[in-house]
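Peer 1: Handing you a structure now.
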Amino acid sequence: MFQVNDNYLKLPGSYLFSTIGKKVQAYSQANPDKTIIRLGIGDVTQPLVPAIIKAMHEAVEDMAHKETFHGYAPDLGYDFLRNAIANQDYKARGCQIEADEIFISDGAKCDCGNIQEIFAESSRIAVCDPVYPVYVDSNVMAGRTGEYDSASGTWSRVIYMPCTAENGFVPELPKETPDLIYLCIPNNPTGTTLTKEQLKVWVDYANRVGAVILYDAAYEAYISEKEVPHSIFEIEGARTCAIEFRSFSKNAGFTGVRLGFTVIPKDLKSGQVMVHSLWARRHGTKFNGAPYITQKAAMAVYSEEGKAQVQEQVAYYMRNARVIYDSLKDSGYEVYGGVNAPYIWLKTPKGMTSWDFFDYLLEKANVVGTPGSGFGPSGEGYFRLTAFGTYENTAAAIERIRGL
Ligand code: MLT
Numbered sequence: 159m160f161q162v163n164d165n166y167l168k169l170p171g172s173y174l175f176s177t178i179g180k181k182v183q184a185y186s187q188a189n190p191d192k193t194i195i196r197l198g199i200g201d202v203t204q205p206l207v208p209a210i211i212k213a214m215h216e217a218v219e220d221m222a223h224k225e226t227f228h229g230y231a232p233d234l235g236y237d238f239l240r241n242a243i244a245n246q247d248y249k250a251r252g253c254q255i256e257a258d259e260i261f262i263s264d265g266a267k268c269d270c271g272n273i274q275e276i277f278a279e280s281s282r283i284a285v286c287d288p289v290y291p292v293y294v295d296s297n298v299m300a301g302r303t304g305e306y307d308s309a310s311g312t313w314s315r316v317i318y319m320p321c322t323a324e325n326g327f328v329p330e331l332p333k334e335t336p337d338l339i340y341l342c343i344p345n346n347p348t349g350t351t352l353t354k355e356q357l358k359v360w361v362d363y364a365n366r367v368g369a370v371i372l373y374d375a376a377y378e379a380y381i382s383e384k385e386v387p388h389s390i391f392e393i394e395g396a397r398t399c400a401i402e403f404r405s406f407s408k409n410a411g412f413t414g415v416r417l418g419f420t421v422i423p424k425d426l427k428s429g430q431v432m433v434h435s436l437w438a439r440r441h442g443t444k445f446n447g448a449p450y451i452t453q454k455a456a457m458a459v460y461s462e463e464g465k466a467q468v469q470e471q472v473a474y475y476m477r478n479a480r481v482i483y484d485s486l487k488d489s490g491y492e493v494y495g496g497v498n499a500p501y502i503w504l505k506t507p508k509g510m511t512s513w514d515f516f517d518y519l520l521e522k523a524n525v526v527g528t529p530g531s532g533f534g535p536s537g538e539g540y541f542r543l544t545a546f547g548t549y550e551n552t553a554a555a556i557e558r559i560r561g562l
């Protein structure tokens with residue numbers, strides 16, 4: 159009889175945002191007269207900007223003629239996009255990253271979830287707690303996390319680095335030595351960041367102990383403070399210890415279009431083996447390249463017109479972030495984030511658990527957020543609201559919460 163990968167059986171029944179989706183669906187079926195405002199999953203609500211739409215239309219037209227039709231894309235990405243990224247996202251910031259160190263993919267979530275495959279099964283992982291659940295879940299699937307302790311909500315082989323109000327949401331260097339360190343900066347869900355000096359401590363540490371930092375910078379477009387780096391490669395020494403993940407979902411509204419990229423410097427080696435070669439091998443085997451139309455659309459993000467338009471869109475969401483932050487603070491909530499990230503992280507009132515507060519908001523205000531405990535044990539007693547709603551819905555949701 160065949161057997162399944164029983165690591166999957168160790169996982170919670172469904173992924174965090176699917177669980178939320180099911181709860182909200184059940185509530186709305188039972189209460190069809192209620193208008194629910196969703197500030198849960200960080201999904202964008204504004205349409206693609208005109209420069210991107212124009213580029214997509216042109217690419218669709220290219221596909222209609224045999225002279226300009228494109229079949230399989232190069233599996234690591236088209237040079238036009240890899241060059242634009244290398245020049246504008248990296249070299250323009252003083253980072254020494256070449257176009258052939260950039261791997262175009264169908265999104266940062268897939269890359270963050272898949273990257274663990276190219277490391278030894280025995281690798282110890284360290285994660286900020288709370289953090290984006292994909293990192294731990296994908297390592298559970300790979301059998302790398304040990305056993306789950308339901309009392310503490312932790313996996314025995316995972317090194318948790320608590321990030322709470324008490325330490326300013328800045329992780330401390332772990333006491334046990336990890337092989338792989340996931341850092342999501344600006345952080346999802348807390349919305350907090352590291353300065354260059356703080357990140358340098360991590361780079362030096364990883365180089366010293368021989369660990370790899372898996373740096374998820376999906377929210378870098380939301381950084382507003384000067385001392386916060388946009389890339390780990392702004393830090394000296396990162397080329398020998400870091401991999402960076404980037405996304406077009408949050409800066410350009412590609413959540414439904416799907417495009418991202420991963421940067422692996424050729425200096426990142428285990429003995430003589432370049433990690434870059436392994437990821438190239440994996441990419442070539444399991445991925446057939448991101449679509450031409452999508453990569454052309456992403457090129458528009460690097461045009462003068464596109465840059466101005468996507469910046470305006472980021473500003474739109476950050477106005478929501480300010481509304482949420484200021485209004486909740488004004489109502490006596492303890493709130494964090496929202497300055498360099500599109501997430502507001504708040505302490506639940508009156509010591510409620512994260513899920514109790516979720517139910518309370520859903521039932522009393524018909525507003526959906528994300529329970530902090532879904533991001534890790536140290537997220538218990540916290541709650542996340544996203545700034546990716548429309549301005550009108552955001553303002554209405556906050557009025558409802560203030561009215562409770
Ligand atoms: C989130 O809400 O945390 C994100 O939207 C999830 C994602 O980007 O995959």
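Under the numbering used here, think of the first position of the sequence shown as 159, with each following residue one higher.
Note that beta-carbon positions come from the ideal geometry of N, C-alpha and C, so glycine has one too.
1. Once the 5 residues before and after T193 are set aside, which same chain residues still bring their CB inside 7 Å of it?
2. Assign I482 to one of two classes, buried (16 or more other C-beta atoms within 10 Å of its C-beta) or exposed (fewer than that).
3. Indicate whether the contact test is met: 3 or more Cβ pairs, each with one atom in the segment 362 to 370 and one in the segment 229 to 246, closer than 8 Å.
4. Closest to G429 by CA distance: which of C399, T420, M457 and T443 is it?
5. Helix, strand or coil: how does DSSP classify K505 here?
6. To the nearest angstrom, how far is it from the Cα of I502 to the Cα of G537?
7. According to DSSP, is T413 part of a helix, a strand, or is it coil?
8. Between which residues of its own chain and A257 is the CB-CB distance below 7 Å, once the five residues before and five after are set aside?
9. Quick one: give me the first and last residue of the alpha helix (DSSP H) that P208 is part of.
10. Excluding the five sequence neighbours on either side, which residues of its own chain have a C-beta within less than 6 Å of the C-beta of G304, listed in chain order?
11. Just to confirm, is the Cβ distance from E463 to A217 under 7 Å?
12. Kindly indicate which three-state DSSP category E334 falls into: helix, strand or coil?
13. For F541, write down the residues that DSSP places opposite it in a beta bridge.
14. How many Å lie between Y318 and P291 at the Cα?
15. Would you decide whether D247 is buried or exposed? Buried here means 16 or more other CB atoms lie within 10 Å of its CB.
16. Taking the alpha-carbon positions, what's the D191 to A266 distance?
17. Just to check, is the beta-carbon of K180 closer than 6 Å to a non-hydrogen atom of the ligand MLT?
18. Closer than 6 Å: is that where the CB of G547 sits relative to any heavy atom of the ligand MLT?
19. DSSP state of D484, grouped into three classes?
20. Should G527 be listed as close to the ligand MLT, given that the test is whether its C-beta is under 6 Å from any heavy atom?
21. Can G490 be considered in contact with the ligand MLT, in the sense that its beta carbon sits closer than 6 Å to one or more heavy atoms?
22. For a test of the three-state rule: what should DSSP assign to D191, helix, strand or coil?
23. Measuring only from the beta carbon, is G496 closer than 6 Å to any heavy atom that is part of the ligand MLT?
24. Verify the contact flag: I502, CB atom, against every heavy atom of the ligand MLT, threshold strictly below 6 Å.
25. So is T443 buried or exposed if we call it buried at 16+ other beta carbons inside 10 Å?
26. Taking L174 as the reference, give the member of F533, T506 and Q467 with the closest Cα.
27. Less than 7 Å between the C-beta atoms of V468 and V207, yes or no?
28. Is it true that the CB of P332 sits closer than 7 Å to the CB of A284?
29. What does DSSP give as the partner residue(s) for W313 in the beta ladder?
30. Excluding the five sequence neighbours on either side, which residues of its own chain have a C-beta within less than 6 Å of the C-beta of S281, listed in chain order?
31. State the Cα-Cα distance for the pair N551 and I195, rounded to the nearest angstrom.
32. Take every Cβ of the segment 439 to 458, pair it with every Cβ of the segment 410 to 420, and state whether three or more of those distances are shorter than 8 Å.
33. May I ask you to list the residues that DSSP assigns as paired with F403?
34. Once DSSP output is grouped into helix, strand and coil, what is the label at A495?
35. Quick one, are the C-beta atoms of H223 and Y450 less than 7 Å apart?
36. Does the Cβ of H215 have 16 or more other Cβ atoms within 10 Å, making it buried, or fewer, making it exposed?
Peer 2: The answer reads as follows:
1. Taking the first residue of the sequence shown as 1, we reach residue 193 at position 35. Excluding positions up to five away in sequence, the list reads N524.
2. Here the question's residue 482 lines up with position 324 in the sequence shown. Under this definition I482 is a buried residue.
3. no
4. As a position in the sequence shown, residue 429 is number 271, starting the count at 1. For the residues C399, T420, M457 and T443, the minimum Cα distance to G429 belongs to C399.
5. On the sequence shown, residue 505 is found 347 positions in, with the first residue counted as 1. K505: strand per DSSP, three-state reduction.
6. The count along the sequence shown starts at 1 and reaches residue 502 at position 344. The count along the sequence shown starts at 1 and reaches residue 537 at position 379. Roughly 13 Å between the two C-alpha positions.
7. Locating residue 413 in the sequence shown gives position 255, where the first residue counts as 1. T413 falls in the coil class under three-state DSSP.
8. Along the sequence shown, read from residue 1 onward, the residue named residue 257 stands at position 99. So the qualifying residues of the chain are D237, R240, N241 and A244.
9. As a working mapping, residue 208 is identified with position 50 in the sequence shown. Counting along the chain, the alpha helix (DSSP H) containing P208 begins and ends at P208 to M221.
10. Working through the sequence shown from its first residue, we reach residue 304 at position 146. Around G304: W313, S314 and R315.
11. For the purposes of this step, residue 463 is taken as the residue at position 305 of the sequence shown. For the purposes of this step, residue 217 is taken as the residue at position 59 of the sequence shown. No, Cβ-Cβ distance for E463 and A217 is not below 7 Å.
12. Against the sequence shown, residue 334 aligns to sequence position 176. E334 falls in the coil class under three-state DSSP.
13. Against the sequence shown, residue 541 aligns to sequence position 383. Beta-bridge pairing links F541 to L504 and P529.
14. For the purposes of this step, residue 318 is taken as the residue at position 160 of the sequence shown. For the purposes of this step, residue 291 is taken as the residue at position 133 of the sequence shown. Y318 and P291: Cα-Cα distance of roughly 13 Å.
15. Residue numbering aside, residue 247 sits at position 89 when the sequence shown is read from its first letter. The residue is buried, with at least 16 neighbouring Cβ atoms inside 10 Å.
16. For this step, residue 191 is matched to residue 33 along the sequence shown. For this step, residue 266 is matched to residue 108 along the sequence shown. Taking the straight line joining both Cα atoms gives about 37 Å.
17. In the sequence shown, the residue the question calls residue 180 occupies position 22. Checking the Cβ of K180 against the ligand MLT gives no.
18. Here residue 547 is taken as the residue at index 389 of the sequence shown, counted from 1. No, the beta carbon of G547 sits no closer than 6 Å to any heavy atom of the ligand MLT.
19. As a first step, residue 484 is located in the sequence shown; it is residue number 326 there, counting from the start. Looking at D484 - three-state DSSP - the assignment turns out to be helix.
20. Within the sequence shown, residue 527 is the residue found at index 369, counting from 1. Checking every heavy atom of the ligand MLT against the Cβ of G527, none is found closer than 6 Å.
21. Position 332 of the sequence shown holds residue 490. G490: no, Cβ never under 6 Å from the ligand MLT.
22. Working through the sequence shown from its first residue, we reach residue 191 at position 33. Three-state result, D191: coil.
23. What you label residue 496 is simply residue 338 of the sequence shown in a count that begins at 1. Result no, Cβ not under 6 Å from the ligand MLT.
24. Residue 502 sits at position 344 when you count from the first residue of the sequence shown. The answer is no for I502.
25. For the purposes of this step, residue 443 is taken as residue 285 along the sequence shown, with counting starting at 1. The residue in question, T443, is exposed, as its Cβ has fewer than 16 Cβ neighbours within 10 Å.
26. For the purposes of this step, residue 174 is identified with residue 16 of the sequence shown, where counting begins at 1. L174 has its Cα closest to that of F533, out of F533, T506 and Q467.
27. The residue you call residue 468 lines up with position 310 of the sequence shown. The residue you call residue 207 lines up with position 49 of the sequence shown. Yes, the pair counts as a contact, with Cβ atoms nearer than the cut-off.
28. Taking the first residue of the sequence shown as 1, we reach residue 284 at position 126. Taking the first residue of the sequence shown as 1, we reach residue 332 at position 174. Cβ distance < 7 Å, so A284 and P332 count as in contact.
29. The residue labelled residue 313 in the question sits at position 155 within the sequence shown. Answer is Y306.
30. Mapped onto the sequence shown, residue 281 falls at position 123. Closer than 6 Å at Cβ, skipping near neighbours: D337 and L338.
31. Here residue 551 refers to the residue found at position 393 when the sequence shown is read from its first residue. Here residue 195 refers to the residue found at position 37 when the sequence shown is read from its first residue. If I take the Cα positions, the gap works out to 6 Å.
32. yes
33. Taking the sequence shown and counting its residues from 1, one reaches residue 403 at position 245. Answer by DSSP bridge pairing, in chain order: D374 and T420.
34. Counting from 1 along the sequence shown, the entry for residue 495 is found at position 337. Inspection of the sequence shows that residue 495 is occupied by Gly rather than by Ala. Here G495 sits in strand by DSSP.
35. Locating residue 223 in the sequence shown gives position 65, counting from the first residue. Locating residue 450 in the sequence shown gives position 292, counting from the first residue. Contact: no.
36. Taking the first residue of the sequence shown as 1, we reach residue 215 at position 57. When all chains shown are included, H215 counts as exposed.
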